[in-house]
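Visitor: In our numbering, the protein residues as written are 42 to 319.
All C-beta atoms, glycine included, are put in the ideal place defined by N, C-alpha and C.
It should be emphasised that the depicted structure is a prediction, and the values quoted were computed from it without experimental measurement.
Below: one structure in structure tokens.
As structure tokens, then:
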């Protein structure tokens with residue numbers, strides 16, 4: 042299915058208060074996810090990024106406020122309705138022991154099965170297309186347990202693709218990956234967005250990666266929304282200081298032309314003086 046053929050869905054949140062038991066994690070969050078764009082949620086550790094993503098995916102019920110999928114409260118939709126419109130890749134997904142790549146990716150088709158609609162040739166084609174798009178087709182018969190971190194992430198993204206949703210939510214998909222595999226996964230997400238017009242929302246720790254690979258940023262601090270907009274609008278020295286408690290200089294990424302943060306640590310001047318003395 043091409044971007045022109047795909048039915049596009051919308052996702053937003055109004056006045057969310059989010060909590061785990063009695064501990065309030067986020068409050069008064071109102072966001073609109075741009076359709077057909079890549080949105081990154083950024084902020085310091087424990088600021089509520091993953092909690093917001095879990096609420097958007099209906100994995101966490103808000104204490105107050107509403108998540109809207111196609112203008113309807115996501116809590117009122119059936120699990121199957123949500124699963125055919127929105128796919129989620131959690132931070133640390135777990136695969137059954139010994140499962141092969143092909144079997145795991147095939148599970149993305151489960152929301153489309155019913156007592157009157159069983160597995161068919163179309164499902165085979167969709168699974169194969171998802172593995173081709175993620176470069177995992179040659180891994181089809183291998184056990185997921187045997188794969189490298191980068192390979193496993195691509196397999197999980199293939200599963201989300203096989204689910205056939207217009208909206209994909211990913212919680213820190215580059216965590217635990219080396220730099221080459223981080224870029225590999227981010228490039229893949231850009232490919233999926235540009236080819237199919239998929240709406241992609243991801244949590245990232247690396248602000249420079251977020252600025253380079255996203256169209257829209259949501260910055261959080263202490264469970265509250267601090268800023269949202271394009272990377273050019275959001276990534277400033279003031280925001281880095283406010284959100285991360287870090288002094289920096291913001292310049293231009295010489296490759297992508299996007300904002301690039303240069304942190305100022307306590308030993309920058311010491312290092313320069315040492316170099317000058319040598």
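Going by CA-CA distance only, name the one from 71, 51, 94 that's closest to residue 245.
Guide: The shortest Cα separation from residue 245 among 71, 51, 94 belongs to 94.
Visitor: Report, in whole angstroms, the separation of the C-beta atoms of residue 256 and residue 134, which I expect to be a contact under 8 Å.
Guide: No, residue 256 and residue 134 are not in contact; Cβ-Cβ is about 25 Å, not under 8 Å.
Visitor: Considering Cα atoms alone, identify which of 201, 81, 90, 292 is closest to residue 305.
Guide: Closest option to residue 305, Cα to Cα, is 292.
Visitor: Could you name the residues that DSSP lists as bridge partners for residue 141?
Guide: Paired residues: 184.
Visitor: Cβ of residue 268 within 7 Å of Cβ of residue 280?
Guide: Yes.
Visitor: Pick from 163, 258, 58, 223: whose alpha carbon is nearest that of residue 242?
Guide: Nearest option by C-alpha distance: 258.
Visitor: Tell whether a beta-carbon distance below 7 Å holds between residue 108 and residue 169.
Guide: No, Cβ-Cβ distance for residue 108 and residue 169 is not below 7 Å.
Visitor: Indicate whether residue 115 and residue 99 have their beta-carbon atoms separated by less than 7 Å.
Guide: Contact: yes.
Visitor: Pull up the CB-CB distance for residue 90 and residue 84, whole angstroms please, since I reckon it's below 8 Å.
Guide: Contact flag correct, Cβ pair sits at about 5 Å.
Visitor: Specify, as a first and last residue, the run of the beta strand (DSSP E) that residue 55 falls within.
Guide: From DSSP, the beta strand (DSSP E) with residue 55 extends over 52-61.
Visitor: How is the beta strand (DSSP E) around residue 300 delimited, first residue to last?
Guide: Here the beta strand (DSSP E) through residue 300 covers 300-304.
Visitor: Here's the rule: buried if 16 or more other CB atoms are within 10 angstroms of the residue's CB, otherwise exposed. What is residue 137?
Guide: With fewer than 16 other Cβ atoms within 10 Å, it is exposed.
Visitor: Looking at the strands, I want to know which residues DSSP matches up with residue 244.
Guide: Note: residue 244 sits in a beta bridge opposite 82, 212.
Visitor: Ordered along the chain, which non-local residues of its own chain (more than five positions away) have a Cβ less than 6 Å from that of residue 129?
Guide: Taken in chain order, the residues that qualify are 98, 210.
Visitor: Tell me, please, whether the segment 230-241 touches the segment 199-216 by the rule of three or more beta-carbon pairs shorter than 8 Å.
Guide: Short answer: they touch.
Visitor: In this structure, what does DSSP give as the bridge partners for residue 236?
Guide: DSSP output for residue 236 lists no bridge partner at all.
Visitor: Shorter than 6 Å, the distance from the beta carbon of residue 239 to the closest heavy atom of the ligand COA, or not?
Guide: This structure does not include the ligand COA; it has no bound ligands of any sort.
Visitor: Cα-Cα, which of 64, 73, 52, 50 is closest to residue 266?
Guide: Checking every option, the nearest Cα to that of residue 266 belongs to 73.
Visitor: For the alpha helix (DSSP H) containing residue 91, list its first residue and its last residue.
Guide: Looking at the DSSP string, the run of the alpha helix (DSSP H) that includes residue 91 is 90-97.
Visitor: Take the Cβ of residue 275 as the centre, count every other Cβ of all protein chains shown within 10 Å, and call the residue buried at 16 or more, exposed below.
Guide: So residue 275 counts as buried.
Visitor: What is the residue span of the beta strand (DSSP E) that residue 270 lies within?
Guide: Run containing residue 270: 265-270, per the beta strand (DSSP E) assignment.
Visitor: Do the CB positions of residue 218 and residue 176 come within less than 7 Å of each other?
Guide: No, the Cβ-Cβ distance between residue 218 and residue 176 is not below 7 Å.
Visitor: Can you tell me the Cβ-Cβ gap for residue 146 and residue 171, rounded? I've got them flagged as a contact below 8 Å.
Guide: So it is a contact: roughly 6 Å between Cβ atoms.
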